[in-house]
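**Student:** In terms of numbering that gives the first Met the number 0, the sequence shown is residues 0 to 421.
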Amino acid sequence: MRRQGAFDQVRRFVMDTQQLVSFYKKEIEENFWPFWEKAFDNEAGGVFTCFSNDGSTLVSKDKYTWSQGRFLWLCAELYRLVEQGKVTLNKKRLKEMADKTYHFLINHTLKENKYVLYAATHDGKPIKGQEDISVFADCFFVIGVTKYADVFHDETAFDQAYNIYESIHHRIEQGYFRTEPYPIPIGYSSHSIQMIMLNVAQEVEETAEKLSKPVVKKAKQISARILQEFILEDGRIVELRPMDSSNKDTLLANHVNPGHALESVWFHVHSLHEWEEKEQHKNLQILANVTRQAIQLGWDDEHGGLLRFVDKNGTEPAGRLINDPYEKLILDTWDTKLWWPHSEALYTLLLLYKQTKDELFLHWYKTFFEYSFSIFPNPNKEIGEWIQIRDRRGEPLQKVVALPVKDPFHILRNFILILKLF
Numbered sequence: 000m001r002r003q004g005a006f007d008q009v010r011r012f013v014m015d016t017q018q019l020v021s022f023y024k025k026e027i028e029e030n031f032w033p034f035w036e037k038a039f040d041n042e043a044g045g046v047f048t049c050f051s052n053d054g055s056t057l058v059s060k061d062k063y064t065w066s067q068g069r070f071l072w073l074c075a076e077l078y079r080l081v082e083q084g085k086v087t088l089n090k091k092r093l094k095e096m097a098d099k100t101y102h103f104l105i106n107h108t109l110k111e112n113k114y115v116l117y118a119a120t121h122d123g124k125p126i127k128g129q130e131d132i133s134v135f136a137d138c139f140f141v142i143g144v145t146k147y148a149d150v151f152h153d154e155t156a157f158d159q160a161y162n163i164y165e166s167i168h169h170r171i172e173q174g175y176f177r178t179e180p181y182p183i184p185i186g187y188s189s190h191s192i193q194m195i196m197l198n199v200a201q202e203v204e205e206t207a208e209k210l211s212k213p214v215v216k217k218a219k220q221i222s223a224r225i226l227q228e229f230i231l232e233d234g235r236i237v238e239l240r241p242m243d244s245s246n247k248d249t250l251l252a253n254h255v256n257p258g259h260a261l262e263s264v265w266f267h268v269h270s271l272h273e274w275e276e277k278e279q280h281k282n283l284q285i286l287a288n289v290t291r292q293a294i295q296l297g298w299d300d301e302h303g304g305l306l307r308f309v310d311k312n313g314t315e316p317a318g319r320l321i322n323d324p325y326e327k328l329i330l331d332t333w334d335t336k337l338w339w340p341h342s343e344a345l346y347t348l349l350l351l352y353k354q355t356k357d358e359l360f361l362h363w364y365k366t367f368f369e370y371s372f373s374i375f376p377n378p379n380k381e382i383g384e385w386i387q388i389r390d391r392r393g394e395p396l397q398k399v400v401a402l403p404v405k406d407p408f409h410i411l412r413n414f415i416l417i418l419k420l421f
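(1) Using the beta-carbon count (16 or more within 10 Å), is residue 196 buried or exposed?
(2) In the DSSP output, which residue or residues are listed as bridge partners for residue 49?
(3) When you compare the CB positions of residue 71 and residue 104, do they come within less than 9 Å of one another, or not?
(4) Suppose contacts are defined by Cβ-Cβ distances below 9 Å. Is residue 259 in contact with residue 238 by that definition?
(5) For residue 46 and residue 384, I'd like the C-alpha separation in whole angstroms.
(6) Which ranges does the alpha helix (DSSP H) cover as unbroken runs of at least 4 residues, wholly within the segment 136 to 184, from first to last along the chain?
(7) Could you spell out where the beta strand (DSSP E) holding residue 241 opens and where it closes?
(8) List the residues that DSSP assigns as beta-bridge partners of residue 386.
(9) Given this structure, state the Cα-to-Cα distance separating residue 367 from residue 375, to the nearest angstrom.
(10) Decide if residue 128 is buried, meaning its Cβ has at least 16 other Cβ atoms within 10 Å, or exposed.
(11) Do you know offhand how far residue 404's Cα is from residue 34's?
(12) If you check the beta carbons only, do residue 294 and residue 305 fall under 9 Å apart?
(13) Expressed to the nearest angstrom, what Euclidean distance is found between the alpha-carbon atoms of residue 332 and residue 326?
(14) Applying the criterion that 16 or more other CB atoms from any shown protein chain within 10 Å of the CB defines a buried residue, is residue 134 buried or exposed?
(15) Tell me, to the nearest whole angstrom, how far the beta carbon of residue 407 is from that of residue 48; I am working on the premise that it is less than 8 Å.
(16) With 16 other CB atoms within 10 Å as the buried threshold, where does residue 161 fall?
(17) What is the DSSP secondary structure of residue 115, reduced to helix, strand or coil?
(18) Got a sec: is the Cβ-Cβ distance from residue 22 to anything in chain D below 9 Å?
(19) Below 7 Å CB to CB, which residues in the same chain sit around residue 209 once its five sequence neighbours on both sides are set aside?
(20) For residue 319, write down the residues that DSSP places opposite it in a beta bridge.
(21) Mapping the DSSP letters down to three states, classify residue 211 as helix, strand or coil.
(22) Going by beta carbon distance, what residues of the same chain come within less than 7 Å of residue 330, once the five residues before and after it are set aside?
(23) Is the segment 178 to 190 close to the segment 239 to 247, with three or more CB pairs under 8 Å?
(24) So residue 298 and residue 409 are supposed to be a Cβ contact under 8 Å. How far apart are they, rounded?
(25) Would residue 324 pass as a contact of residue 262 if the rule is Cβ separation under 9 Å?
(26) Going along the chain, which residues of its own chain have a beta-carbon closer than 7 Å to the beta-carbon of residue 179, five neighbours each way excluded?
(27) Roughly how many angstroms separate the alpha carbons of residue 462 and residue 110, rounded to a whole number?
(28) Is residue 39 helix, strand or coil by DSSP?
(29) Could you round the C-beta distance between residue 230 and residue 289 to whole angstroms and report it? I think they count as a contact, below 8 Å.
(30) Report yes if the C-beta distance between residue 54 and residue 386 is below 9 Å; otherwise report no.
(31) Using the Cα positions of residue 343 and residue 193, report the straight-line distance between them to the nearest angstrom.
(32) Find out if the Cβ-Cβ distance for the pair residue 510, residue 138 is shorter than 9 Å.
(33) Put residue 376 into one of helix, strand or coil per three-state DSSP.
(34) Give the C-beta separation of residue 296 and residue 255 to the nearest angstrom, bearing in mind that I take them to be a contact with Cβ-Cβ under 8 Å.
(35) Terminal residues of the continuous alpha helix (DSSP H) containing residue 21?
(36) Can you check DSSP and say which residues form a bridge with residue 225?
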């Protein structure tokens, strides 16, 4: 359902931050958080996320640690915004939800050998075959528990998160880790691993400073590695970098994930303060170019919106196949329109406009805003939220794109970040 008033507002947009903040504040309070508050498991803690794409039906009560950690981050961050007077939600309820989700994670997903379960039943029992199969689950455990430690000044929680954080680094350094639901193809180095570790390091280091905890800082080092190894001179981020030059002609090496590129950009911008002033300016120009390139390659001129995957030339993904399962994912879903890249674009473009004052980023913000709020919002106001997966023409799809969940994280996180930006 088109929100004509909001569109008129954005067309007149002259960086009226009060209107901008009011719009996203209302979205959080009235359209998004009510959905997730109702999805909370009051009995066992944590949140139910296995809904149909339109949010109308809960199809499973299994709980994926990936989403539970993300939900904990949201509960804690929203609690802080309520304390600061930036959103109007039930502070006592947010604290209760944060506490119960934290205890669910600690009591039911944290294992003695410093990894976390990929998924558990609604009451916290392990699910056979869903144990230590994705380092991403560990990463989002750390992100959520670290944010909880930060907001509620809980040093024990920080120590629990930091133990897992160190374990993640050790496993990655040793090459002993898995990345379900998308295994990294053999012979390729993945941007996604470095990207998530940059975000995790940022969360850990920020909280460690507030709690006066000594930690080894890694965020700048990870950011530098991505800038050097995964970003080409033309601004394209290589999602899967072949270790053998003979594989440069493969579909895996030549595909682009525009949404990941846009999300990665703001991670790097958040770490610019770690660099000397001259390097800050240089890196900001690189990141601005990455953003322009991602949109140039990924924007669908025919139907609007950002395509999930494209070739390095901006066309349908192509290249030599090596019979890897990830190729099927790229070819089967390349022209879908997913919720999360569009919400990432909204924040990244506003952040870059504020940093650079380049009108191109404001233009693209308006374009993404109009597309996103005309395509994704659920027309059923009783349900709310967004219908997260659309086909190329913008029609709803019942499709699994990663975990079989309706994830709470990206949209709310980006709306929160926009509030904090202004």
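Every residue, glycine too, gets a C-beta built ideally from N, C-alpha and C.
Here the structure is a predicted model, which is why all the values come from computation and not from measurement.
**Tutor:** Answer, in terms of the structure:
(1) The sequence position of residue 196 within the sequence shown is 197, counting from 1. Per the 10 Å Cβ criterion, buried.
(2) Taking the first residue of the sequence shown as position 1, residue 49 is located at position 50. Answer by DSSP bridge pairing, in chain order: 59.
(3) Counting from 1 along the sequence shown, the entry for residue 71 is found at position 72. Counting from 1 along the sequence shown, the entry for residue 104 is found at position 105. It is a contact, given that the beta carbons lie within the stated cut-off.
(4) Mapped onto the sequence shown, residue 259 falls at position 260. Mapped onto the sequence shown, residue 238 falls at position 239. Yes, they are a contact pair.
(5) As a first step, residue 46 must be located in the sequence shown, where it is residue number 47. As a first step, residue 384 must be located in the sequence shown, where it is residue number 385. Their backbone Cα atoms lie some 15 Å apart in a straight line.
(6) 154 to 173
(7) Taking the sequence shown and counting its residues from 1, one reaches residue 241 at position 242. Counting along the chain, the beta strand (DSSP E) containing residue 241 begins and ends at 239 to 241.
(8) Here residue 386 refers to the residue found at position 387 when the sequence shown is read from its first residue. Partner(s): none; residue 386 has no beta bridge.
(9) Locating residue 367 in the sequence shown gives position 368, counting from the first residue. Locating residue 375 in the sequence shown gives position 376, counting from the first residue. Approximately 11 Å between the Cα atoms of the pair.
(10) In the sequence shown, counting from the first residue as 1, residue 128 sits at position 129. Residue 128 is exposed by the Cβ-count criterion.
(11) Mapped onto the sequence shown, residue 404 falls at position 405. Mapped onto the sequence shown, residue 34 falls at position 35. Those two C-alpha atoms are separated by around 14 Å.
(12) Taking the sequence shown and counting its residues from 1, one reaches residue 294 at position 295. Taking the sequence shown and counting its residues from 1, one reaches residue 305 at position 306. Yes, they are a contact pair.
(13) The residue given as residue 332 occupies position 333 in the sequence shown. The residue given as residue 326 occupies position 327 in the sequence shown. Looking at the two C-alpha atoms, the distance is approximately 10 Å.
(14) Locating residue 134 in the sequence shown gives position 135, counting from the first residue. Its Cβ being crowded by 16 or more others within 10 Å, residue 134 is buried.
(15) Sequence index remark: in the sequence shown, residue 407 carries index 408 (1-based). Sequence index remark: in the sequence shown, residue 48 carries index 49 (1-based). Indeed they touch by this definition, with Cβ atoms about 7 Å apart.
(16) Looking up residue 161 in the sequence shown gives position 162. Residue 161 comes out buried.
(17) As a working mapping, residue 115 is identified with position 116 in the sequence shown. In the three-state reduction of the DSSP assignment, residue 115 falls in the strand class.
(18) The question asks about chain D, but that chain is absent: this structure has only one protein chain.
(19) Taking the first residue of the sequence shown as position 1, residue 209 is located at position 210. 149, listed in sequence order.
(20) Along the sequence shown, read from residue 1 onward, the residue named residue 319 stands at position 320. Answer by DSSP bridge pairing, in chain order: 249.
(21) Locating residue 211 in the sequence shown gives position 212, counting from the first residue. Reduced to three states, the DSSP call for residue 211 is coil.
(22) Counting from one through the sequence shown, the residue named residue 330 turns up at place 331. Once the five neighbours on either side are set aside, the close Cβ partners of residue 330 are 316.
(23) yes
(24) Reading the sequence shown from its first residue, position 299 is the one you call residue 298. Reading the sequence shown from its first residue, position 410 is the one you call residue 409. Incorrect: roughly 19 Å between the Cβ atoms, too far for contact.
(25) Here the question's residue 324 lines up with position 325 in the sequence shown. Here the question's residue 262 lines up with position 263 in the sequence shown. Contact: no.
(26) As a position in the sequence shown, residue 179 is number 180, starting the count at 1. If we look at residue 179 and ignore the five residues flanking it on each side, its Cβ neighbours are 117, 132 and 133.
(27) Here the chain comprises residues numbered 0 to 421, so residue 462 is not present and cannot be evaluated.
(28) By 1-based counting over the sequence shown, the position of residue 39 is 40. The answer is strand: DSSP assigns residue 39 an E or B state.
(29) Taking the first residue of the sequence shown as 1, we reach residue 230 at position 231. Taking the first residue of the sequence shown as 1, we reach residue 289 at position 290. Their Cβ separation, rounded to whole angstroms, is 6 Å, which keeps residue 230 and residue 289 in contact under 8 Å.
(30) Your numbering for residue 54 matches position 55 in the sequence shown. Your numbering for residue 386 matches position 387 in the sequence shown. For residue 54 and residue 386, yes; Cβs fall inside 9 Å.
(31) If you number the sequence shown from 1, residue 343 lands on position 344. If you number the sequence shown from 1, residue 193 lands on position 194. Taking the straight line joining both Cα atoms gives about 18 Å.
(32) Only positions 0 to 421 of the chain appear in this structure, which leaves residue 510 out of reach.
(33) Numbered from 1 along the sequence shown, position 377 holds the residue referred to as residue 376. In the three-state DSSP reduction, residue 376 falls in the strand class (E or B).
(34) Counted from its first residue, the sequence shown places residue 296 at position 297. Counted from its first residue, the sequence shown places residue 255 at position 256. Confirmed, Cβ separation roughly 5 Å.
(35) In the sequence shown, the residue the question calls residue 21 occupies position 22. Looking at the DSSP string, the run of the alpha helix (DSSP H) that includes residue 21 is 16 to 25.
(36) Position 226 of the sequence shown, counting from 1, holds the residue named residue 225. Residue 225 is not bridged to any residue.
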